[in-house]
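A.B. asks: Residue numbers (the working numbering): 57 to 210. Heads up, the beta-carbon is just placed ideally off N, CA and C, and yes, glycines get one too. The structure under discussion is supplied below as structure tokens; questions concerning it will follow.
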Amino acid sequence: MKTRVLMVCLGNICRSPIAEGILRDRVQKEGLDIETDSAGTSSFHVGEKPDSRMRAAALKNGIDISDLRARQFVVSDFDEFDIIYAMDRSNYNNIMALARNAEDEAKVRMILNESNPGMNYEVPDPYYGGDQGFQDVIDMLNDAMDVVIQKING
Ligand code: 4NP
57 MKTRVLMVCL GNICRSPIAE GILRDRVQKE GLDIETDSAG TSSFHVGEKP DSRMRAAALK
117 NGIDISDLRA RQFVVSDFDE FDIIYAMDRS NYNNIMALAR NAEDEAKVRM ILNESNPGMN
177 YEVPDPYYGG DQGFQDVIDM LNDAMDVVIQ KING
């Protein structure tokens, strides 16, 4: 059965698009039965491409996310997805505030808890930092995605 995975950050232009891109790339290469998407809790950047710095960093890692466009998280995403990954605590709290019931709440996880169980580490927002911040985000998401895929594949 197809597993539907949604990546969520604040703007949907830096962290969650690259999380989606990394997972999508592996789904394509490994032929996995996983549907991928991403969204932002805010409406600030709706309709925009991923940040140019993140697009460039992604390409250096062999991943093209230039086709993605930002959208805002909506309550119906709880119906459309099986797992909802938040990039940081604030994203997590914002998503949980929209949950309608315990079933919705159970779908929401901090993504770095996959690679670092129980630590509640956050994917740092690279938006206001230097170029290394973008590669750091890619590195930590690559590690997390190994476990994401392992768990889904059983
Ligand atoms: P993201 O990064 O949540 O990783 O997409 C951000 C991008 C833009 C803003 C905040 C975070 N912003 O406030 O414009």
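Do E17 and R60 have their CB atoms nearer than 8 Å?
C.D. replies: Nothing about residue 17 can be reported from this structure: the residues present for the chain run from 57 to 210 only.
A.B. asks: Determine, using beta-carbon pairs with one atom in the stretch 190 to 207 and one in the stretch 168 to 178, whether at least three such pairs fall under 8 Å.
C.D. replies: Touching, yes.
A.B. asks: I194 lies in the alpha helix (DSSP H); which residues open and close that run?
C.D. replies: Note, I194: alpha helix (DSSP H), 187 to 209.
A.B. asks: Given a threshold of 16 other Cβ atoms within 10 Å of its Cβ, counted over all protein chains shown, does V131 qualify as buried or as exposed?
C.D. replies: Looking at its Cβ environment, which holds fewer than 16 other Cβ atoms inside 10 Å, V131 is exposed.
A.B. asks: Report yes or no: do the stretch 68 to 75 and the stretch 101 to 109 share at least 3 C-beta pairs separated by less than 8 Å?
C.D. replies: A contact exists between the stretch 68 to 75 and the stretch 101 to 109.
A.B. asks: Is K58 near D89, with beta carbons less than 8 Å apart?
C.D. replies: Yes.
A.B. asks: Using the rule of at least 16 other Cβ atoms within 10 Å of the residue's Cβ for burial, across every protein chain shown, is S145 buried or exposed?
C.D. replies: According to the sequence as given, residue 145 is Arg; it is not Ser. When all chains shown are included, R145 counts as exposed.
A.B. asks: With a CB to CB cut of under 7 Å and the five nearest residues on each side skipped, what residues in its chain are close to N150?
C.D. replies: Excluding residues within five positions, the ones whose Cβ falls inside 7 Å are T97.
A.B. asks: Please determine whether the Cβ atom of L66 lies at a distance below 7 Å from any heavy atom of ligand 1.
C.D. replies: Yes.
A.B. asks: Reducing DSSP to helix, strand and coil, say where A114 ends up.
C.D. replies: DSSP places A114 in helix when its eight states are reduced to three.
A.B. asks: Between the stretch 150 to 165 and the stretch 132 to 139, do three or more beta carbon pairs fall short of 8 Å?
C.D. replies: They touch, by the three-pair rule.
A.B. asks: By DSSP, does G174 sit in helix, in strand, or in coil?
C.D. replies: The answer is coil: DSSP assigns G174 none of H, G, I, E or B.
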